[in-house]
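Chemist: Protein sequences appear in the order of chains Y and X.
Counting from 1, position 386 in the first sequence corresponds to residue 386 in my numbering; the numbering is continuous, with no gaps.
Counting from 1, position 253 in the second sequence corresponds to residue 253 in my numbering; the numbering is continuous, with no gaps.
There are 2 protein chains.
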Amino acid sequence: MIKLLTSWLESANSAETLFPLNNLPYGVFSVGDGDLRCGVAIGDRIIDATGLEAAGLLRADPQADVLDAPYWNDFMGLGPKVWSAYRTALTGMLAESADAAAQDAVTTFSVPMAEAVLHLPFRVSEYTDFYAGKHHATNVGTMFRGAKNALPENWLSIPIGYNGRASSVVVSGTPVRRPWGQIKGADGELPVFAPSQRLDLELELGAIVGQPSSGPVTVAEAEAMIFGYVLLNDWSARDIQAWEYQPLGPFQSKATATTISPWIVSKAALEPFRAPTPPRERPLLPYLAEATSGLYDIELSVALAPSGMRESAIAHTNFREMYYSAAQQLAHHTTSGCPMNVGDLLGSGTISGRAPDSRGSLLELSWGGKEPVKLDTGETRTFLEDGDTLILRGHARGNGYRIGFGDCSGTVLPALEDPYAR
Amino acid sequence: MIKLLTSWLESANSAETLFPLNNLPYGVFSVGDGDLRCGVAIGDRIIDATGLEAAGLLRADPQADVLDAPYWNDFMGLGPKVWSAYRTALTGMLAESADAAAQDAVTTFSVPMAEAVLHLPFRVSEYTDFYAGKHHATNVGTMFRGAKNALPENWLSIPIGYNGRASSVVVSGTPVRRPWGQIKGADGELPVFAPSQRLDLELELGAIVGQPSSGPVTVAEAEAMIFGYVLLNDWSARDIQAWEYQPLGPFQSKATATTISPWIVSKAALEPFRAPTPPRERPLLPYLAEATSGLYDIELSVALAPSGMRESAIAHTNFREMYYSAAQQLAHHTTSGCPMNVGDLLGSGTISGRAPDSRGSLLELSWGGKEPVKLDTGETRTFLEDGDTLILRGHARGNGYRIGFGDCSGTVLPALEDPYAR
Chain Y
1 MIKLLTSWLE SANSAETLFP LNNLPYGVFS VGDGDLRCGV AIGDRIIDAT GLEAAGLLRA
61 DPQADVLDAP YWNDFMGLGP KVWSAYRTAL TGMLAESADA AAQDAVTTFS VPMAEAVLHL
121 PFRVSEYTDF YAGKHHATNV GTMFRGAKNA LPENWLSIPI GYNGRASSVV VSGTPVRRPW
181 GQIKGADGEL PVFAPSQRLD LELELGAIVG QPSSGPVTVA EAEAMIFGYV LLNDWSARDI
241 QAWEYQPLGP FQSKATATTI SPWIVSKAAL EPFRAPTPPR ERPLLPYLAE ATSGLYDIEL
301 SVALAPSGMR ESAIAHTNFR EMYYSAAQQL AHHTTSGCPM NVGDLLGSGT ISGRAPDSRG
361 SLLELSWGGK EPVKLDTGET RTFLEDGDTL ILRGHARGNG YRIGFGDCSG TVLPALEDPY
421 AR
Chain X
1 MIKLLTSWLE SANSAETLFP LNNLPYGVFS VGDGDLRCGV AIGDRIIDAT GLEAAGLLRA
61 DPQADVLDAP YWNDFMGLGP KVWSAYRTAL TGMLAESADA AAQDAVTTFS VPMAEAVLHL
121 PFRVSEYTDF YAGKHHATNV GTMFRGAKNA LPENWLSIPI GYNGRASSVV VSGTPVRRPW
181 GQIKGADGEL PVFAPSQRLD LELELGAIVG QPSSGPVTVA EAEAMIFGYV LLNDWSARDI
241 QAWEYQPLGP FQSKATATTI SPWIVSKAAL EPFRAPTPPR ERPLLPYLAE ATSGLYDIEL
301 SVALAPSGMR ESAIAHTNFR EMYYSAAQQL AHHTTSGCPM NVGDLLGSGT ISGRAPDSRG
361 SLLELSWGGK EPVKLDTGET RTFLEDGDTL ILRGHARGNG YRIGFGDCSG TVLPALEDPY
421 AR
């Protein structure tokens, strides 16, 4: 495991920071009434990458400005060689050995993180959500179809996924309004239109596609197309989902909001933390075979803070628990010839471990609402209540440092009294 | 039913044309090596709307150029009042009563349709496909789950839909490569990765969202957001679909291609052809109630031409056969608060009538492959074969005129021998 890369910027060397020099995650920020700019987190500061580019001090493309936009998509489109060269150059400007000119440039073109507002780091082209956690699929399947038929027949062969709604993706901190929808009680003859009573989270990692494809790609090619990862909360209205999802899958139950962390952690930063996918219980078809370990050792947690109260941890898990990697999911996504584009977002699927307190959704944690989760404050939860704030966190742990994403949070607002009142 | 509006442009007055003055559909064209331009079809010509705007002869927005782009999205974003004013102005320039200056402008800024190549008329923001044809859902359900459980329990309450893949949308004339995918035979222990043997069409109409929304909208508000309609072929690999679709819906089976007609027929042009949605077999929830008739009397047909042979009609149906209108689908789409954007495309779902020869897919026409469809050439088809060209057509019929979309066609190319050979 590589060591902390030390920086002349002291706050980047703290064992507490999520943003040491080893990380350098990509985000979009603004300060005051200023415009949205591309930024890179380091310690307690944000480097103004847009400003460095405009000043000619650090350019991704000598010919064209790619960071004069409120998203990293144009940069991603330049491809892995540029990603690598840019990271190397920026590392050089921040390393302890950096010369005075580099230190001056960074000092001029950076702001305190505490003064910045963070925005969506990239423009989401299309969004696909997968179902690649075996413990999650087994838990949900057991509740819905019984233990014998828990895993769908295709699950061990296909990285099951469905298309989500890109327009639902919001950045951490955006409040989430409890949705209305069609809900049918167990004994109800007809459905009612009402606010969801079973609003839930799903703890996921999102992989960001940084290169396009126009035909089937191998897992190795898919791996090379991935730019980085974000934390992702796939807010889910379980009561709406239960009534709508047959036969064509989840739709409005997943369309209210999908929250992502403000920072994209690059594949390069996560490289030292690669972890193997688990043993295969059924042989995979050759097109899904992996040359390299496709998962990462990323510690994940979920905390819940009721309105006005302190937060309680409700789950701890690890991205290693997944059955399929993002590269396998992306390769499968292209089998049909489906074109993939820069800025496509792939949700991993809910990340649950084997232990009861390692489950990535309240549906599982409360076992369908039957076993309320106890919070440190004495409160209990089956599903989310109005005013609850949900915080996903994640980091990879190096020797004396951590690589983090920043909080991925959202507060539940009460449902509209009348969704059609204007 | 309103009469033909006559034009000084003679070809627009023919009973044969799909593009009389009553139509004025929106498309994107190029001539030779020229750039892509916004155009409007009239008779056998295309009006260069981009050119008229640049010359100041017909502007949608006095302040900004909205047609200096290879798509109509910016124009759509201006909203219904502008759509209406632009149509009125253009109608005036083309009507028999038009003055010499208007006729000169149109003559200068138009090209023969025969010389033009047509492109996607709008940039697809996101794509949703519905399942709103009751005959289709009943036929498919009967094949998959038996006659007793044909219609899913939620079908009469929800306009069932799922998110599709916007990147798969192509314009008429684009060849469609037979996809590879995971397929499991009835007696196979494990799935194989192979070219689809059950490639199918789905005859649909696509509604184009021309205005954004950020919360739940009523059916009346949804109706006002719709800009127009295209023909749509939702190419479907039935064998891939059967193995992948549980529990989260169709994914790669629908991602190879979605072909749309080159012309967007505006809601205004279809206005005289409104038709009611059918009687409700179960009361709809109030949020789905319609104030106006939400369907249209649009005659639809499917023709199939084997490679090198003449085409045979294989189905005739009508958009009146649907159970839910596009406005109802769009209203349902927003119930969760899902944001909708300019350029979102909503597939109606397969349009099948009651009669066997009015079914909008080969799955239904051949009853799951058991009853081959006879072509006029003596050939038979269960599913599509390599080299087959599929042509969807549609028009509303007025008194002495037709409002058409242009052919929505595609030819099936053989599967790649090895999808991973480079």
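For each residue, glycine too, the CB sits at the ideal point set by N, CA and C.
Small disclaimer: the values here were computed from a predicted structure and weren't measured.
1. Using a threshold of 9 Å, state whether the C-beta atoms of V342 (chain Y) and G210 (chain Y) are closer than that.
2. Flag S168 (chain Y) as yes if its beta-carbon sits less than 9 Å from any beta-carbon of chain X, otherwise no.
3. Against W180 (chain Y), what residues of chain X qualify as contacts under a CB-to-CB distance less than 9 Å, listed in chain order?
4. Touching or not, the stretch 157-177 of chain Y and the stretch 400-414 of chain Y, by the rule of three or more beta carbon pairs under 8 Å?
5. Determine, using beta carbons only, whether K148 (chain Y) comes closer than 9 Å to chain X.
6. What ranges does the beta strand (DSSP E) occupy inside the stretch 58-124 of chain X, keeping only unbroken runs of at least 3 residues that lie completely in it?
7. Mind checking which residues open and close the alpha helix (DSSP H) that includes V219 (chain X)?
8. With a cut-off of 8 Å on the beta carbons, I'd call H135 (chain X) and G349 (chain X) a contact; round off their distance for me.
9. Where does K184 (chain Y) sit, in a helix, a strand or coil, going by DSSP?
10. Please name the residues in the stretch 243-267 of chain Y whose beta-carbon is closer than 9 Å to at least one beta-carbon of chain X, in chain order.
11. Taking D423 (chain Y) as the reference, give the member of Y:F273, Y:F130, Y:Y162 with the closest Cα.
12. Using DSSP with H/G/I as helix, E/B as strand and the rest coil, what is A305 (chain Y)?
13. So with CB distances below 9 Å, who are the chain Y contacts of S157 (chain X)?
14. Among all the DSSP beta bridges, which residues are the ones paired with A313 (chain Y)?
15. Can you name the residues of chain X whose CB is closer than 7 Å to the CB of G164 (chain Y)?
16. Quick one: Cα of S7 (chain Y) to Cα of P262 (chain Y), how far?
17. Quick check on the burial criterion: 16 or more other C-beta atoms within 10 angstroms. Buried or exposed for K444 (chain Y)?
18. Please specify which runs of the beta strand (DSSP E), each continuous and at least 3 residues long, are wholly inside the stretch 357-413 of chain X, giving them in chain order.
19. Using a Cβ-Cβ cut-off of less than 9 Å, list which residues of the stretch 340-358 of chain X approach chain Y; keep chain order.
20. At a Cβ threshold of 9 Å, is N154 (chain Y) touching chain X?
21. Taking R177 (chain X) as the query, report the chain Y residues whose CB atoms sit under 7 Å from its CB, ordered along the chain.
22. Beta-carbon within less than 6 Å of V176 (chain Y)'s beta-carbon, same chain only, minus the 5 sequence neighbours each way: which residues are those?
23. Name the chain Y residues that come within less than 8 Å of E126 (chain X), Cβ to Cβ?
24. Does the beta-carbon of R359 (chain Y) have 16 or more other beta-carbons within 10 angstroms, so that it is buried, or is it exposed?
25. Identify the contact partners of P278 (chain X) in chain Y, using a Cβ-Cβ distance below 8 Å as the criterion.
26. Just how far apart, CA to CA, sit A305 (chain X) and A137 (chain X)?
27. In terms of residues, what are the limits of the beta strand (DSSP E) holding A41 (chain Y)?
28. H316 (chain X) CB to nearest chain Y CB: under 9 Å?
29. The stretch 405-421 of chain Y: which residues have C-beta closer than 9 Å to a C-beta of chain X, in chain order?
30. Return the CA-CA distance between L156 (chain Y) and P247 (chain X), expressed in angstroms with no decimal places.
31. Is the CB of R282 (chain X) under 9 Å away from at least one CB in chain Y?
32. Would you say A55 (chain X) faces chain Y, with C-beta separation under 9 Å as the test?
33. Hey, how far is the Cα of L284 (chain Y) from the Cα of D129 (chain Y)?
34. Show which residues of chain X have a CB atom less than 7 Å away from the CB atom of Y131 (chain Y).
35. Is it the case that the Cβ atoms of L363 (chain X) and R198 (chain X) are separated by a distance below 9 Å?
36. Please confirm whether T218 (chain X) and Q252 (chain Y) have their CB atoms less than 9 Å apart.
Modeler: By the coordinates alone:
1. By the CB criterion at 9 Å, V342 (chain Y) and G210 (chain Y) fall inside the cutoff.
2. At a cut-off of 9 Å, the C-beta of S168 (chain Y) has a neighbouring C-beta in chain X.
3. Per Cβ cutoff of 9 Å: P216, Y287, T335, S336, G337.
4. Touching, yes, given that three or more Cβ pairs across the two stretches are closer than 8 Å.
5. False, the Cβ-Cβ gap to chain X never drops below 9 Å.
6. The stretch 58-124 of chain X contains these whole beta strand (DSSP E) runs: 110-112, 116-119.
7. For V219 (chain X), the enclosing alpha helix (DSSP H) covers residues 219-225.
8. The pair is not a contact, with the Cβ atoms about 11 Å apart (cut-off 8 Å).
9. Of the three classes helix, strand and coil, the one that applies to K184 (chain Y) here is coil, per DSSP.
10. Near chain X, meaning a CB-to-CB distance below 9 Å, the residues of the stretch 243-267 of chain Y are W243, E244, Y245, Q246, P247, L248, G249, P250, F251, Q252, S253, K254, A255, T256, A257.
11. Past the boundaries of the shown model lies residue 423 (chain Y); chain Y is included only from 1 to 422, so the question cannot be answered.
12. Strand at A305 (chain Y).
13. Simply Q182, K184, L190, P191, W243.
14. BP columns for A313 (chain Y) point to Y:A303.
15. For G164 (chain Y), the chain X residues whose Cβ falls inside 7 Å of its Cβ are N163, in order along the chain.
16. In a straight line, the C-alpha of S7 (chain Y) is about 23 Å away from that of P262 (chain Y).
17. Because chain Y in this structure spans residues 1 to 422, residue 444 (chain Y) falls outside the shown range and cannot be described.
18. Those beta strand (DSSP E) runs which fall completely within the stretch 357-413 of chain X and span 3+ residues are 389-397, 402-404, 408-413.
19. Residues passing the 9 Å Cβ filter: M340, N341, D344.
20. Interface residue, yes.
21. The answer, in chain order, is G337.
22. Spatial neighbours of V176 (chain Y) in its own chain (CB-CB distance under 6 Å, excluding positions within 5 residues in sequence) are listed in chain order as W235, A257, G410, V412.
23. E126, R165, A166, S167, listed in chain order.
24. Around the beta carbon of R359 (chain Y), 16 or more other beta carbons sit within 10 angstroms, so the residue counts as buried.
25. By Cβ distance, chain Y contributes nothing, its closest Cβ being about 19 Å from P278 (chain X), past 8 Å.
26. Near 27 Å, if we compare the C-alpha coordinates of A137 (chain X) and A305 (chain X).
27. Start and end: 37-42.
28. Judged by the 9 Å Cβ criterion, H316 (chain X) is not in contact with chain Y.
29. Listed by position, the residues of the stretch 405-421 of chain Y near chain X (Cβ gap below 9 Å) are L416, P419, Y420.
30. A straight line joining the alpha-carbon of L156 (chain Y) with that of P247 (chain X) spans about 13 Å.
31. For R282 (chain X), the answer is yes, since a Cβ of chain Y falls inside 9 Å of its Cβ.
32. So, not an interface residue.
33. Using only the alpha carbons, I get a separation of about 21 Å.
34. Under the 7 Å cutoff, chain X gives L248.
35. R198 (chain X) sits close to L363 (chain X), with the two beta carbons spaced by under 9 Å.
36. Cβ atoms of T218 (chain X) and Q252 (chain Y): not closer than 9 Å.
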